[in-house]
Ligand SMILES: C[S@@+](CC[C@H](N)C(=O)[O-])C[C@H]1O[C@@H](n2cnc3c(N)ncnc32)[C@H](O)[C@@H]1O
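In this note's numbering, the protein residues as written are 65 to 474.
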């Protein structure tokens with residue numbers, strides 16, 4: 065126990081052990097909170113393990129690491145029970161819950177995230193998937209080549225299906241013409257396959273890599289990069305790409321490999337995913353909640369996948385995002401954030417059984433969560449803190465993350 069949380073009526077112990085780094089697979093309902101050491105170094109928990117199997121099916125900024133979720137699922141939930149994540153994002157809670165035989169429900173306002181979680185948690189016929197992946201890539205390549213050589217099959221495709229041109233300004237600005245037509249051919253063809261929803265994720269991932277951006281600014285590039293540039297990532301001059309096919313191929317193989325890996329761990333536990341605003345959505349009786357909410361003024365969740373929204377014609381619900389970066393982190397923004405979060409936890413906790421845990425993981429630098437808990441009529445029981453100190457890439461940074469553990473107030 066390191067400190068005592070201020071700003072609450074009750075004195076809440078904050079746990080931050082410096083014992084042996086916790087191994088998620090060893091945690092069980094009897095593991096004391098005070099023994100948890102979640103301050104893993106890169107060596108304790110390398111990136112490859114943090115992004116195991118389907119957890120890295122597609123880039124997503126702002127997800128929590130599967131090991132944290134696994135620890136609290138193992139401590140507070142049993143196989144056959146149900147957990148809700150009202151901000152399921154890229155689906156980490158649902159993926160890890162299924163591995164442990166725990167049923168799960170996820171809500172998110174972003175349609176792309178819903179597509180991604182469905183792709184991760186789907187139950188696939190692996191033989192069919194393998195055949196479809198191959199066929200789709202081969203047909204895309206064949207038609208793309210014919211288009212380049214202006215051969216017959218291409219004009220046949222245009223007549224049979226639809227035009228490969230687009231008047232979408234974003235797409236025409238952010239992709240080289242060759243890359244864009246490869247993406248559009250794949251998009252037209254994928255509709256013919258049973259696994260089309262998964263293929264949209266491969267398409268989106270390839271589109272992300274095929275944009276006219278620098279290699280070191282893939283998250284929120286400001287303007288298209290059309291000329292060669294000095295690349296900080298590779299320490300040499302690099303050229304913006306005009307090729308999408310190589311990414312479609314690379315990510316097809318990677319996706320298939322990750323799905324095979326996860327299929328060995330998948331259970332029959334149910335997974336229900338809803339495209340909904342958590343302030344208002346309803347659910348059945350649940351045993352608890354585990355979530356990492358959006359933080360105030362930090363990330364625009366729709367915007368980080370704007371290429372997917374443009375390419376896949378998805379509905380933009382960004383005005384429903386709580387704490388969006390574009391609304392800033394002023395005093396007013398924080399007040400609005402607290403009210404919205406309290407609404408979410410009031411709305412969702414009423415479905416939690418008595419004694420069920422509501423676990424919120426947040427880098428709460430403004431100390432908003434003790435008050436949000438009060439406003440939502442929750443009882444803060446414990447806080448576990450973890451020091452995140454990652455030294456990889458240009459985004460290397462250091463911060464604290466708190467795991468707030470509440471129950472409903474009677
Ligand atoms: C921090 S992320 C969750 C990441 C997730 N734990 C994961 O591992 O991928 C927060 C998510 O909340 C979603 N969100 C924001 N406002 C929402 C609302 N009103 N209702 C439901 N989801 C919302 C965002 O779209 C985003 O995906």
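Idealized CB from N, CA, C, for every residue including glycine. These numbers come from a predicted model, not from an experiment.
Excluding sequence positions up to five away, which residues of its chain have a Cβ less than 6 Å from the Cβ of residue 270? 308, 311, 312, 315
Please go through the segment 222–286 and give each complete alpha helix (DSSP H) segment of 4 or more residues, from N-terminal end onward. 233–238, 241–254, 260–274
Taking 7 Å as the cut-off, is the CB of residue 328 close to at least one heavy atom of ligand 1? no
To the nearest angstrom, how far is it from the Cα of residue 301 to the Cα of residue 473? 60 Å
Which residues in the same chain have their Cβ closer than 6 Å to the Cβ of residue 124, if we skip the five residues on either side of it in sequence? 154
Taking residue 339 as part of the beta strand (DSSP E), name the residues at either end of that continuous run. 335–339
When the Cα atoms are used, what is the spatial distance from residue 66 to residue 81? Residue placement at residue 66 is poorly supported in this model, since its pLDDT is 47, which falls under 50; the coordinates still yield a value, given next. Each residue's Cα considered, the two are about 8 Å apart.
On the premise that residue 162 lies in contact with residue 333, defined as a C-beta separation below 8 Å, what is that separation, rounded to the nearest angstrom? 5 Å
The beta strand (DSSP E) enclosing residue 171, as first and last residue numbers: 167–172
On the criterion of 16 or more Cβ atoms from any shown chain inside 10 Å, does residue 294 qualify as buried, or is it exposed? exposed
Cβ atoms of residue 168 and residue 158: under 8 Å apart, would you say? yes
Segments assigned alpha helix (DSSP H), at least 4 residues, entirely inside the segment 144–197: 156–163, 175–185
If you scan the segment 337–377 from start to end, which runs of the beta strand (DSSP E) of 3 or more residues do you find wholly inside it? 350–355
Checking 8 Å against the spacing of the C-beta atoms, do residue 128 and residue 356 come in under that value? yes
Identity of the residue in 402, 389, 98, 383 nearest residue 84 by Cα: 98
Exposed or buried, what is residue 437 when buried is set at 16 or more other beta-carbons lying within 10 Å of its beta-carbon? buried
Span separating the alpha-carbon of residue 433 from that of residue 151: 16 Å
Out of curiosity, what's the CA-to-CA distance linking residue 200 and residue 131? 35 Å
If you measure from the CB of residue 127, is any heavy atom of ligand 1 nearer than 7 Å? yes
Exposed or buried, residue 403, counting other C-beta atoms within 10 Å across all chains shown (16 or more means buried)? exposed
If contacts are defined as beta-carbon pairs under 8 Å, then residue 389 and residue 362 qualify, I think. What distance do you get, rounded to the angstrom? 6 Å
Could you give the DSSP three-state label for residue 141: helix, strand or coil? coil
Does the separation of the CB atoms of residue 351 and residue 136 fall below 8 Å? no
Which partner residues of residue 63 appear in the DSSP bridge assignment? In the structure as shown, the chain begins at 65 and stops at 474. Residue 63 is therefore absent and cannot be evaluated.
Less than 8 Å between the beta carbons of residue 327 and residue 408, yes or no? no
Using the three-state DSSP reduction, which class does residue 299 fall into: helix, strand or coil? coil
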